[in-house]
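For reference, the structure discussed in these notes is given below.
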Amino acid sequence: MTRGAIVLVAACLVGLGCAVGPDFHRPAAPTDRGYTPEPAGSTVVAGGKVQHFVEGEKVAADWWRLLECPALDAIVLEAIAANPGLESARASLRRSQDGLRAGYGVFFPQVNASAGAARQKYNPAPGVLPSSTFNLFSLSGTVSYALDIWGGARRALEGLVAQVDQQRYALAGTYVMLSGNVVDAVVAQAAYRDQIEATRAAIVLQKEQLRITEAQATGGTVPYANVLSIQSQVASTEAILPPLEEKIDQAAHLLAALSGRTPGEWSQPRLVLADLHLPRDVPVTLPSELVRQRPDILVAEAALHAANANIGVATAAMLPSLTLNAGFGVNSTSPGNLLASNSTVWNLGAGLTQPIFHGGALYYQRKAAVDARDEAAADYRQTVLGAFQQVADALRGLQHDAEGLAAQTEAVDAAERALHLIQANYQAGIATYLQVLVADQQYLQARIAYVGAVAQRLQDTVALYVALGGGWWNAPKPAG
Numbered sequence: 032m033t034r035g036a037i038v039l040v041a042a043c044l045v046g047l048g049c050a051v052g053p054d055f056h057r058p059a060a061p062t063d064r065g066y067t068p069e070p071a072g073s074t075v076v077a078g079g080k081v082q083h084f085v086e087g088e089k090v091a092a093d094w095w096r097l098l099e100c101p102a103l104d105a106i107v108l109e110a111i112a113a114n115p116g117l118e119s120a121r122a123s124l125r126r127s128q129d130g131l132r133a134g135y136g137v138f139f140p141q142v143n144a145s146a147g148a149a150r151q152k153y154n155p156a157p158g159v160l161p162s163s164t165f166n167l168f169s170l171s172g173t174v175s176y177a178l179d180i181w182g183g184a185r186r187a188l189e190g191l192v193a194q195v196d197q198q199r200y201a202l203a204g205t206y207v208m209l210s211g212n213v214v215d216a217v218v219a220q221a222a223y224r225d226q227i228e229a230t231r232a233a234i235v236l237q238k239e240q241l242r243i244t245e246a247q248a249t250g251g252t253v254p255y256a257n258v259l260s261i262q263s264q265v266a267s268t269e270a271i272l273p274p275l276e277e278k279i280d281q282a283a284h285l286l287a288a289l290s291g292r293t294p295g296e297w298s299q300p301r302l303v304l305a306d307l308h309l310p311r312d313v314p315v316t317l318p319s320e321l322v323r324q325r326p327d328i329l330v331a332e333a334a335l336h337a338a339n340a341n342i343g344v345a346t347a348a349m350l351p352s353l354t355l356n357a358g359f360g361v362n363s364t365s366p367g368n369l370l371a372s373n374s375t376v377w378n379l380g381a382g383l384t385q386p387i388f389h390g391g392a393l394y395y396q397r398k399a400a401v402d403a404r405d406e407a408a409a410d411y412r413q414t415v416l417g418a419f420q421q422v423a424d425a426l427r428g429l430q431h432d433a434e435g436l437a438a439q440t441e442a443v444d445a446a447e448r449a450l451h452l453i454q455a456n457y458q459a460g461i462a463t464y465l466q467v468l469v470a471d472q473q474y475l476q477a478r479i480a481y482v483g484a485v486a487q488r489l490q491d492t493v494a495l496y497v498a499l500g501g502g503w504w505n506a507p508k509p510a511g
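So the mapping is simple: our numbering equals the position in the sequence shown, first residue as 1, plus 31.
Below you can see the structure in the form of structure tokens.
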């Protein structure tokens with residue numbers, strides 16, 4: 032052997048860091064300057080509000096407070112404190128951490144002690160010498176140590192460290208998704224309430240029209256069929272309310288479950304969209320930072336790290352393994368003689384094992400480990416692409432939301448003015464009931480669409496904060 036080869040083998044034998052298999056390197060951060068072809072900039076003014084996208088701004092861990100609603104803050108904090116999914120994620124993290132601590136045991140000698148008592152019959156030469164029956168008492172201890180020549184144990188430990196990282200980032204992801212789902216449900220519930228209020232206001236108008244039409248029909252100025260048509264319109268509008276009430280209940284039940292409560296014991300403040308304020312300045316994390324902060328990307332990276340380490344474990348299994356062992360004990364036919372000098376037994380040795388033929392199992396196990404690493408690498412890339420898509424969708428969505436809300440605001444104003452004009456003409460007898468019905472329906476649809484546009488703008492803002500990772504890394508560290 033050359034001198035360099037001798038030094039390499041010696042270094043491996045004493046465990047100076049030689050480990051077979053590829054070393055893990057974090058995937059390079061993307062060089063993209065933005066998430067969309069054009070800079071995000073600002074939205075148009077809609078509902079008297081404009082949103083500015085601030086590149087490189089820090090995402091707050093408690094981003095939901097930017098909606099300036101103390102009642103919402105209380106709901107989110109209650110969910111974080113008692114959500115079963117978060118509790119499960121914390122337990123999974125503790126389990127992986129305990130597994131890592133257990134994994135460190137491979138670097139220490141394995142020491143065992145045993146004691147035994149047996150009744151035995153010994154026959155040295157059947158049919159020639161008489162047999163003897165006696166008691167045998169024993170105390171013994173063994174020590175064994177497997178040398179990590181090729182670093183397989185270190186690669187296995189590296190994989191355990193990566194699994195801990197996976198669970199830690201999965202916990203962060205659960206936290207982000209929980210806060211996002213809670214805020215999204217509160218916004219949806221508030222929107223349903225506003226839609227109900229708009230529908231009830233439309234019903235009041237329609238009933239007033241019904242009263243006028245009934246008076247006209249009684250006076251013989253319009254046919255009674257007009258009364259029936261407006262009655263049908265009132266009933267159709269009232270039929271909108273039960274589905275909206277059902278959605279409010281479903282949102283309440285969802286919030287109860289997210290907060291670790293049953294629907295029967297859950298109570299919450301009544302919120303409407305006016306209680307929630309749209310954030311004016313919205314942070315936009317740089318793409319190179321997103322891949323180092325978003326939980327699902329970090330989970331995929333940790334999975335890639337673990338898969339990479341498994342290649343080293345599978346490689347080491349194909350190479351010779353060396354185990355040192357020693358044992359010491361005492362045997363005697365009576366307990367009183369266990370400590371006598373002539374009762375001692377001991378052994379000292381080493382074992383070398385070289386896999387020769389396993390039917391191709393070891394080769395294909397390593398090949399499967401390489402395939403798993405390639406699969407994890409592809410999953411990582413797909414996760415990054417999906418994350419960038421979500422951020423781009425949210426950014427463009429907010430810009431389109433503002434444009435849509437601006438148009439809906441104009442539509443509501445126009446529909447309201449048209450309705451008042453038609454009502455006045457109808458009372459003066461120069462407009463038909465059909466015109467009233469059309470104007471009524473147009474105003475109701477415009478009002479409900481406006482409420483939906485306001486809610487969509489808030490929900491897409493929530494989606495952007497979640498897509499940016501929720502700022503979990505900016506949470507204050509616990510004291511101590």
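The C-beta atom is built at its ideal place from N, Cα and C for all residues, glycine as well.
Cβ-Cβ distance between Ala437 and Ala77 below 9 Å = yes
Give the single residue among Tyr496, Ala477, Gln413, Gly500 whose Cα lies nearest to the Cα of Arg96.
-> Tyr496
Three or more beta-carbon pairs under 8 Å between the stretch 94-110 and the stretch 120-134, yes or no?
-> no
Beta-carbon proximity list for Thr67, same chain, < 7 Å, skipping 5 on both sides | Ala423, Leu426, Arg427.
From the DSSP output, which residues share a beta bridge with His83?
-> Answer is Ser73, Asp312.
Are at least three pairs of beta-carbons, each pair with one atom in the stretch 240-253 and one in the stretch 309-325, less than 8 Å apart?
-> no
Between the C-alpha atoms of Thr205 and Leu329, what's the straight-line distance to the nearest angstrom?
-> 13 Å
Which runs of the beta strand (DSSP E), 3 residues or longer, sit entirely within the stretch 134-218?
-> 141-153, 163-178
Given Phe388 as reference, the closest of Val90, Glu69, Ala221, Met349 once Cα atoms are compared | Looking from the CA of Phe388, the closest CA among Val90, Glu69, Ala221, Met349 belongs to Met349.
Buried or exposed: which applies to Arg404, given that a residue is buried once 16 or more other Cβ atoms fall within 10 Å of its Cβ?
-> buried
How big is the Cα-Cα spacing for Leu450 and Ser298?
-> 39 Å
Determine, using beta-carbon pairs with one atom in the stretch 271-288 and one in the stretch 211-227, whether at least three such pairs fall under 8 Å.
-> yes
Which residues does DSSP pair with Val361 in a beta bridge?
-> Leu170, Thr375
Leu317 - DSSP class collapsed to helix/strand/coil | coil
What residue range is occupied by the uninterrupted alpha helix (DSSP H) comprising Val107?
-> 101-113
Smallest Cα separation from Thr230: which of Leu416, Gln476, Asn505?
-> When each option's Cα is compared against that of Thr230, the closest is Gln476.
Give me the Cα-Cα distance between Glu86 and Leu499, rounded to the nearest whole angstrom.
-> 12 Å
If you follow the alpha helix (DSSP H) that Asn368 is part of, which residue opens it and which one closes it?
-> Counting along the chain, Asn368 falls outside any alpha helix (DSSP H), and DSSP gives it neither H nor E.
Does the pairing of the stretch 173-191 with the stretch 139-158 give three or more beta-carbon distances under 8 Å?
-> yes
Neighbourhood of Leu393 by C-beta, 7 Å cutoff - its chain only, sequence neighbours within 5 removed = Ala348, Met349, Pro386
CA-CA distance, Ala120 and Gly380?
-> 46 Å
Apart from the five residues on each side of it in sequence, which residues of its chain come closer than 8 Å, Cβ to Cβ, to Glu69?
-> none
Sequence-distant residues of the same chain with beta carbon closer than 8 Å to Arg57, five excluded per side | The beta carbon of Arg57 sits closer than 8 Å to those of Glu332, all from its chain and outside the five residues before and after it, given in chain order.
Report yes or no: do the stretch 184-201 and the stretch 368-383 share at least 3 C-beta pairs separated by less than 8 Å?
-> no
Taking DSSP as the reference, what is the three-state secondary structure of Ser119?
-> Helix, per DSSP.
Tell me, please, whether the stretch 336-347 touches the stretch 160-167 by the rule of three or more beta-carbon pairs shorter than 8 Å.
-> The stretch 336-347 is not in contact with the stretch 160-167.
From the DSSP output, which residues share a beta bridge with Asn339?
-> The partner list for Asn339 (beta bridge, DSSP) is empty, contrary to what the question assumes.
Grab the span of the alpha helix (DSSP H) containing Asp306 for me, first residue to last.
-> In the DSSP assignment, Asp306 falls outside any alpha helix (DSSP H) and carries neither an H nor an E.
From Leu188 to Glu99, what distance separates their C-alpha atoms?
-> Leu188 and Glu99 have their C-alpha atoms roughly 46 Å apart.
Would you tell me roughly how many angstroms separate the C-alpha atoms of Glu447 and Pro274, rounded to the nearest one?
-> Cα-Cα distance, rounded: 25 Å.
Take the Cβ of Ser372 as the centre, count every other Cβ of all protein chains shown within 10 Å, and call the residue buried at 16 or more, exposed below.
-> Label assigned to Ser372: exposed.
How would you call Phe84, buried or exposed, if buried means at least 16 neighbouring beta carbons within 10 angstroms?
-> buried
Hey, how far is the Cα of Ala222 from the Cα of Ile111?
-> 23 Å
For Thr384, write down the residues that DSSP places opposite it in a beta bridge.
-> Ser352
Report yes or no: do three or more beta-carbon pairs, one from the stretch 450-464 and one from the stretch 253-264, lie closer than 8 Å?
-> Yes, since at least three Cβ pairs between the stretch 450-464 and the stretch 253-264 fall closer than 8 Å, the two stretches touch.
Put Phe594 into one of helix, strand or coil per three-state DSSP.
-> This structure does not reach residue 594, given that the chain is present from 32 up to 511, and the question cannot be answered.
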